[in-house]
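Numbering (the numbering used here), first residue to last: 7 to 835.
Backbone N, C-alpha and C fix where the C-beta goes; we use that ideal spot for every residue, glycine too.
Below is one structure, written out as structure tokens; the observations come after it.
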């Protein structure tokens with residue numbers, strides 16, 4: 007220990023004597039380690055961190071892969087949803103658990119002292135807090151007694167962050183009443199700090215009992231519908247083997263009961279439906295509330311900053327090699343005085359680790375600043391509100407481990423190289439020898455070639471992401487987003503009946519239509535490009551489905567003149583009119599994919615379809631429109647049905663206002679209209695459709711921007727490293743170059759000689775990078791849109807950029823070598 011302390015003190019003195027070297031190395035490492043720590047901090051919160059509950063490793067998440075409905079093959083993307091009757095059976099009859107809980111996230115309208123806000127929260131089972139083992143900051147949690155009778159216990163627990171933000175952390179809010187969806191509810195507690203429910207990356211504002219579903223989520227399926235899949239179910243396992251077997255026994259019994267409702271199900275499909283296994287997956291990290299794009303973007307960012315750190319380490323290793331070259335005489339003397347090679351290596355490693363730890367400490371400042379900057383760039387929403395830029399113990403531990411690993415990574419090779427025993431040549435005190443042997447040069451060449459390879463990988467990744475972003479921005483969504491303003495409302499949360507909601511929509515549409523500059527106004531129950539359009543089973547008169555054919559279609563309830571407002575071309579028939587209300591015959595408009603699939607060879611107009619919810623009510627097709635995007639920009643064209651919202655239940659509505667001018671200028675006037683119509687009705691998501699598309703492309707744009715920035719920075723670091731190596735080599739070979747010039751070598755010959763070496767090891771790095779890039783492209787393929795994973799333009803462009811950068815970095819030392827005066831060079835030592 008005493009010798010380690012001596013090595014540390016010596017290292018501190020040594021580094022203090024070379025402030026320029028120390029400063030450059032610390033800044034390089036601070037940027038690399040800080041960037042990695044910042045991205046890890048956000049990734050940890052969104053993807054990796056265990057829930058702040060009692061023994062999170064005991065939690066399991068119930069999941070059911072495959073078909074989730076018996077009478078139609080639905081396209082559920084979420085395998086973690088169950089009905090309330092299913093949850094109740096698991097809770098009451100599955101052994102091996104110390105509690106089975108359920109939750110569902112939703113938006114509500116909350117009124118407090120005359121101000122109405124749209125907030126986000128969870129309906130939870132009565133045993134939710136008890137099973138999780140969480141406490142409250144003030145008051146009490148919800149209990150099983152709060153969750154026995156529908157609508158009886160109107161109580162609410164606030165989240166700690168929402169209590170601070172909305173109520174100023176006032177403890178007197180306990181036992182006071184707030185209106186949620188126009189229903190008075192009593193605040194009985196505030197959840198403990200740091201608890202954000204069971205969704206990773208989410209931040210609920212409140213928790214209410216599951217039995218308040220009718221009040222909190224009006225218009226949705228009741229608690230007794232076994233086919234309404236909406237709940238996430240977690241269990242705390244006491245006996246893993248018993249829990250799995252018992253849960254599956256309950257599950258198969260439930261599936262038999264569900265299958266009995268579907269009389270037309272084939273025997274083979276019934277067997278598949280009933281025998282589908284229930285899975286209990288680890289639930290200690292919660293269920294992801296972050297969008298897939300955000301998660302994949304964080305993973306991509308982590309990979310990029312990791313590569314950048316490797317390049318920074320290679321540069322610092324080059325600095326250490328150069329520093330060690332100047333210390334060869336000192337090292338030789340220490341050998342001569344009896345120091346072992348192991349002691350010399352340990353001394354040099356202590357210096358590099360110390361350098362890395364200081365860089366890591368400085369990197370924490372960079373990490374906090376970078377995390378805050380990244381969060382400011384992320385669009386706000388429930389999926390990201392729970393993320394914070396503060397650095398906790400896990401991030402500090404990550405930064406420490408990374409610093410130590412980097413210190414060993416970039417310090418070991420230079421230490422091994424510098425500690426070779428070359429006493430005889432070194433002690434001759436000749437500059438050519440003191441400069442170091444050819445081993446130093448070979449190692450520095452290898453490091454620079456590695457930098458070239460890593461830089462090329464980053465540039466290829468940047469090019470692929472940039473091409474993908476360009477393709478997404480260039481895609482035709484099937485409607486005209488320019489000069490289109492959207493805003494949403496959910497009057498059902500304020501107690502509006504369907505009839506009153508329709509009257510509200512009519513008044514809003516008429517008043518906004520009268521505003522100056524408004525060209526057209528319509529609405530839709532599901533906003534476009536929001537990823538939440540409805541899906542239902544369909545039947546078509548005269549069409550016989552094939553065996554196990556997927557007879558479902560996405561659909562949307564829209565307002566009069568919707569297609570004209572949105573700019574969706576009408577191919578056949580007509581748009582919806584004001585007369586298409588509840589008193590008129592049922593009508594529908596389908597897209598061209600629907601018409602091509604079900605009405606091939608015949609006119610779709612006048613054909614009749616039916617929905618699974620009302621199979622006896624036939625709906626006449628009155629129009630065909632062009633395919634357009636509904637879920638997101640990446641989706642492929644699928645059958646789609648439009649229905650007039652005046653003939654449907656429409657608890658919420660997103661209005662679209664087409665303007666003759668800049669649509670943004672209408673936002674203030676629209677807010678004024680809503681304030682006159684109903685000041686207690688929350689207005690949300692008011693933005694231009696162009697802005698919505700920009701938000702939709704945020705992850706793609708952010709990853710493309712960061713990968714490009716990191717690629718350019720990496721290329722710059724590689725160029726600096728290449729320049730340093732070649733400049734060092736030119737100085738070291740000054741006498742040789744002088745002799746060549748004295749013997750008649752022309753400047754061009756000297757330049758070609760130096761550039762040949764530059765291009766030789768740069769080419770080696772390029773070849774290695776291209777081989778690795780093919781594997782990289784395969785990994786990135788799922789995140790790219792309409793981009794070949796082996797895009798020749800991207801690969802050729804990135805390779806050319808690296809080659810030109812290497813040539814430029816090598817040409818500067820080469821041109822200096824060509825100007826060497828042979829008389830001076832021959833006297834050079």
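Query, Result
"Any idea which residues DSSP pairs residue 237 with across the strands?", "88"
"Using 8 Å as the Cβ pair cut-off and three pairs as the minimum, do the region 672 to 688 and the region 490 to 499 touch?", "yes"
"Secondary structure at residue 34, three-state DSSP: helix, strand or coil?", "helix"
"Exposed or buried, what is residue 574 when buried is set at 16 or more other beta-carbons lying within 10 Å of its beta-carbon?", "buried"
"Using only alpha-carbon positions, find the residue among 672, 705, 184 that is nearest to residue 489.", "672"
"Where does residue 110 sit, in a helix, a strand or coil, going by DSSP?", "strand"
"What's the C-alpha gap between residue 666 and residue 519?", "12 Å"
"Thinking just about the alpha-carbon of each residue, which of 755, 521, 769 is nearest to the one in residue 674?", "521"
"Helix, strand or coil: how does DSSP classify residue 285 here?", "strand"
"Suppose the cutoff is 6 Å on Cβ atoms and the five residues either side in sequence are ignored; what does the same chain contact list for residue 710 look like?", "471, 472, 475"
"Can you tell which of 67, 44, 773, 376 has its C-alpha closest to the C-alpha of residue 456?", "773"
"Tell me which residue opens and which closes the beta strand (DSSP E) that residue 568 is part of.", "Careful: residue 568 lies outside any beta strand (DSSP E), inside the alpha helix (DSSP H) at 568 to 572."
"Which of the three DSSP states is assigned to residue 759 in this structure?", "helix"
"Classify residue 16: buried if its beta carbon has 16 or more other beta carbons within 10 angstroms, exposed otherwise.", "exposed"
"To the nearest angstrom, how far is it from the Cα of residue 281 to the Cα of residue 250?", "15 Å"
"Could you please give me the residues that DSSP links to residue 594 through a beta bridge?", "627"
"Is it the case that the Cβ atoms of residue 110 and residue 218 are separated by a distance below 9 Å?", "no"
"Where does residue 195 sit, in a helix, a strand or coil, going by DSSP?", "strand"
"Rounded to whole angstroms, what's the CA-CA distance from residue 533 to residue 595? Just pull it up for me.", "17 Å"
"Put residue 435 into one of helix, strand or coil per three-state DSSP.", "Low confidence applies to residue 435: its pLDDT is 48, below 50, so where it sits in the model is not reliable, and the reading given next is rough at best. Coil at residue 435, not helix or strand."
"What residues in its chain sit with their C-beta under 8 Å from that of residue 529, if we drop five residues either side in the sequence?", "511, 515, 564, 565, 568, 651, 659, 660, 661, 662"
"Give the DSSP-derived three-state secondary structure of residue 221 in the structure shown.", "helix"
"Judging by CA-CA distance, which residue of 759, 326, 460, 814 is the nearest neighbour of residue 423?", "326"
"What residues in its chain sit with their C-beta under 8 Å from that of residue 606, if we drop five residues either side in the sequence?", "none"
"What does the alpha-carbon distance come out to for the pair residue 524 and residue 509?", "21 Å"
"How is residue 560 classed by DSSP in three states: helix, strand or coil?", "strand"
"With DSSP run on the structure shown, which of helix, strand or coil describes residue 579?", "strand"
"Could you tell me whether the Cβ atoms of residue 775 and residue 462 are closer together than 9 Å?", "yes"
"Evaluate the contact criterion for the region 306 to 325 versus the region 710 to 728: three or more CB pairs, one atom per stretch, below 8 Å.", "yes"
"Quick one: any contact between the region 753 to 761 and the region 813 to 823, if contact means 3 or more CB pairs under 8 Å?", "yes"
"Within its chain, find whatever has a CB closer than 7 Å to the CB of residue 377; leave out the 5 residues flanking it on each side and keep chain order.", "44, 47, 48, 395"
"What does the alpha-carbon distance come out to for the pair residue 469 and residue 720?", "14 Å"
"Which of the three DSSP states, helix, strand or coil, is assigned to residue 189?", "strand"
"Start and end of the beta strand (DSSP E) containing residue 545?", "540 to 546"
"Between which two residues does the beta strand (DSSP E) carrying residue 143 extend?", "142 to 145"
"Suppose the cutoff is 8 Å on Cβ atoms and the five residues either side in sequence are ignored; what does the same chain contact list for residue 638 look like?", "535, 537, 702"
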